[in-house]
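Numbering (the working numbering) for the sequence shown: 209 to 501.
Virtual Cβ for every residue (Gly too), placed ideally from N, Cα, C.
Computed from a predicted model, the values in this text were never measured in an experiment.
Just below is one structure, and these are the notes that go with it.
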Amino acid sequence: MTERFVPLNVRMSNDPAVHDRWNVLHEGMPPHLRPSVEGWLNEVFYAFRDIPGICARTLQFQTGEDPDDALRGYMSDTDDSALRVVDMVLQILGSKFEDAEGSSSSLTANKAAKFWVEIDDYFVQANSAWRIEQEPTWMLGRIVDETTTRAFEDVRDSGTTAGRLLAEAWQASFKHDADYTEGYRKAVLAVESVAISKFCPDNTRATLGTAIRDFRSQGPKWTVAGLDDQVQQSRDTLLAMLESIWQNQQRHVKHDGNAPEPAEQDETEAVLFLAITIVQWFQRGFVQKKPGS
């Protein structure tokens, strides 16, 4: 990833407002980014002639005689359309890179990697609210603060079931055209994975609700890294966190027969960030029985 250069007037200014304006993240496809992206797409379409057709079929718009022109027209409709095209092209390039890497098609892999680096540079330099992701697949992803991102990557790279589920939750929650209901569901499953293995490992039919019940019934036997005092026991804090995730998920059809409401962005992100913390506590061995229990 490239660094973001800072203009002279911003560097020399002592006005915090100037720096604040400079650091504002730009949503959509701002005018200072769009020409570079359009030029990038032209190069991609020239290098990989099949990509416009794949985009047309996947995004489901009519191409007429010239898929390239149709795709540019689709992209010019709205900022959201433009981001959707970039996201789709990235996914296709990622697939080509993966198929070609380590094979005789190293030229294809090198081309795809070059295009990834270029578009990543453009989005960084434009201070876009979107970043170019490589894991779990090449795609657009919404920027999340660095501390949370590092915590997520630590769990994601653990090679565990919970890590895989959180990676899927993250992708669903922060990709373009996010699926917040799926992100929420996968975050719950990640927590369920670590809680069951700790509190009821022999119960083959256990759910997160079962694990919470067993955890609650075992009283003060458990601690989180010994963080207990007379006012607040750490097990009570963990129990409240687990119950917040479990009790607020709308899993079932309502009494009137209607489907549950889809998850909202704020609640999904809150649950996902909480799930990352909980999974880290379990994976690092912080959740443990007290000595003598």
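key: Alpha carbon of Cys369 to alpha carbon of Lys394, nearest angstrom   = Here the sequence assigns Thr to residue 369, which means Cys is not the residue at that position. The alpha-carbon atoms of Thr369 and Lys394 are separated by roughly 11 Å.
query = Within this structure, are the beta carbons of Leu447 and Phe481 separated by less than 8 Å?
reply = no
key: Nonlocal neighbours in the same chain, by C-beta distance under 7 Å from Val218, ignoring five residues either side   = Val226, His227 and Trp230
query = Any idea if Asp353 is buried or exposed, counting beta-carbon neighbours within 10 angstroms, 16 or more meaning buried?
reply = exposed
ask   = Of the choices Leu397, Ala255 and Gly427, whose alpha-carbon is the least far from that of Val163?
value = No answer is possible for residue 163: the residues shown for the chain start at 209 and end at 501.
ask   = Among the residues of its own chain, which have a CB less than 6 Å from the CB of Tyr287, if the five just before and after it don't count?
value = Per the sequence presented here, residue 287 reads as Asp, with Tyr not at that position. For Asp287, where only same-chain residues beyond five positions count, the Cβ hits under 6 Å are Gly236 and Met237.
message = For Ser314, count the other beta carbons within 10 Å of its own beta carbon; 16 or more makes it buried, fewer makes it exposed. Which is it?
response = exposed
task = Over the uninterrupted alpha helix (DSSP H) stretch that includes Leu241, give me the two end residues.
result = Run containing Leu241: none; DSSP gives neither H nor E here.
task = Below 8 Å CB to CB, which residues in the same chain sit around Val252 once its five sequence neighbours on both sides are set aside?
result = Ile259, Val297, Leu301 and Phe323
request  = Would you mind working out which of Thr266, Pro409 and Tyr392 sits nearest Gln473, comparing C-alpha positions?
outcome  = Tyr392
task = In the DSSP assignment, find the unbroken alpha helix (DSSP H) run with Leu267 in it and report its ends.
result = Ile259 to Leu267
query = Any idea if Ser452 is buried or exposed, counting beta-carbon neighbours within 10 angstroms, 16 or more meaning buried?
reply = exposed
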